[in-house]
Amino acid sequence: MNNKRSIRITVASCLLIVSMVAGLFVYSTIAPKELTAEEYKQIGFYKLVRTRQLNTFELIDGSDKFTNEDLKGSWDILFLGFASCPDMCPMTMKKMAMANSQLSPEVSSRVNFRMISIDPDRDTPEKMQQYAKAFNPNFSGIAGKIEIIYKLATDLTLPFVPVVNSNNSSYDMDHSMNLAVIDPEGNYFGFFKSPHTPDKMSEVLTSIVNFN
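When we follow the numbering used here, the leftmost residue of the sequence shown carries the number 789, and every step to the right adds one.
Now the structure itself:
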């Protein structure tokens, strides 16, 4: 009788241990991982040694003002591009949308993806909203005065310059494809270096949001 009871206790203990080990394994595979500075670089994300405060600015998000205050309280991914860009801008926006789709609901709710036009002569606030939301309804398209955008681009180290077509009066925009990351304090936190890989971007964002 005692032997049977001892066997039952032993079996129950073994099952409990197996369940605990299995649970720890599952948790280790799904739990957010805090990446090191070296791992960030290998992925293509560069975190600033010290966050950088942005100069004050006022742009337009649809029909609303968009200022530094709108960058506070969440993590923001800023891409400087233009709606008539033939290839690289839509490709980057698509990758941003793919990265966003791979985030958990908890992380996604704390991250905003925004495209800021560097071509305000052709990109109205309405056009930018339509363009950005075509990739994801939650994305924002920002427009504004060129001198303000230049200052913001300088703060973010995202240079751009118009390139005039020698054959006609049209022009293109030569610009950085990097993505700036703004922390919940509204400061410049770091950047994703082009080219971008959606699954790596989501991995970085998950680490940033959970451990900063």
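For every residue, glycine included, the Cβ atom is placed at its ideal position computed from N, Cα and C.
Between residue i and the rest of its own chain, which residues show a CB-CB distance below 8 Å, the 5 nearest in sequence each way excluded?
{"i": "K882", "result": "F923"}
{"i": "N975", "result": "T839, R840, Q841, L842"}
{"i": "P947", "result": "A941, H963, S964"}
{"i": "D971", "result": "T839, W863, F977, N1000"}
{"i": "K853", "result": "E846, L847"}
{"i": "T880", "result": "F867, G869, M965, L967, S982, H984"}
{"i": "N953", "result": "Y959, D960"}
{"i": "V949", "result": "M961, D962, H963"}
Specify the secondary structure class of residue i as computed by DSSP and reduced to three states.
{"i": "I936", "result": "helix"}
{"i": "L859", "result": "helix"}
{"i": "L993", "result": "helix"}
{"i": "D864", "result": "strand"}
{"i": "Q841", "result": "strand"}
{"i": "A922", "result": "coil"}
{"i": "S928", "result": "strand"}
{"i": "N900", "result": "strand"}
{"i": "V973", "result": "Correcting the residue identity first, residue 973 is Glu in this sequence and not Val. Strand, per DSSP."}
{"i": "E822", "result": "coil"}
{"i": "Q917", "result": "helix"}
{"i": "T880", "result": "helix"}
{"i": "D875", "result": "coil"}
{"i": "P986", "result": "helix"}
{"i": "F999", "result": "helix"}
Across which residues does DSSP place residue i in a beta bridge pair?
{"i": "S905", "result": "G869"}
{"i": "E846", "result": "T855"}
{"i": "H963", "result": "F948"}
{"i": "K835", "result": "G978"}
{"i": "A968", "result": "L866, F979"}
By Cβ distance below 6 Å, which residues in the same chain neighbour residue i in space, the five residues on each side in sequence not counted?
{"i": "S851", "result": "none"}
{"i": "F999", "result": "E822"}
{"i": "G929", "result": "M903, M916, Q917, Y919, A920"}
{"i": "K835", "result": "Y828, G978"}
Please report whether the beta-carbon of residue i lies at a distance below 9 Å from any beta-carbon of chain B.
{"i": "Y959", "result": "No chain B is part of this structure, which consists of one protein chain only."}
Select from the options the residue whose C-alpha is nearest the C-alpha of residue i.
{"i": "N926", "options": "D943, F999, M886", "result": "M886"}
{"i": "V951", "options": "T945, L944, Y959", "result": "Y959"}
{"i": "F870", "options": "K829, T912, V969", "result": "T912"}
{"i": "E935", "options": "D909, Q918, E914, S928", "result": "D909"}
{"i": "K860", "options": "K915, N966, L891, R898", "result": "R898"}
{"i": "D849", "options": "N888, P986, K921, P874", "result": "K921"}
{"i": "L868", "options": "L993, S982, D987", "result": "S982"}
{"i": "M876", "options": "M989, S995, I996, H984", "result": "H984"}
{"i": "E857", "options": "Q830, E973, P986, G932", "result": "E973"}
{"i": "S995", "options": "V837, S872, E894, D907", "result": "E894"}
{"i": "T855", "options": "V949, I937, K829, V992", "result": "I937"}
Might you give, ordered along the chain, the residues of its own chain that have their beta carbon closer than 7 Å to the beta carbon of residue i, omitting 5 neighbours on each side?
{"i": "K939", "result": "N843, F845"}
{"i": "A968", "result": "L866, L944, L946, Y976, F979"}
{"i": "P986", "result": "K883, M886, A887, Q890"}
{"i": "S990", "result": "A887, Q890, L891"}
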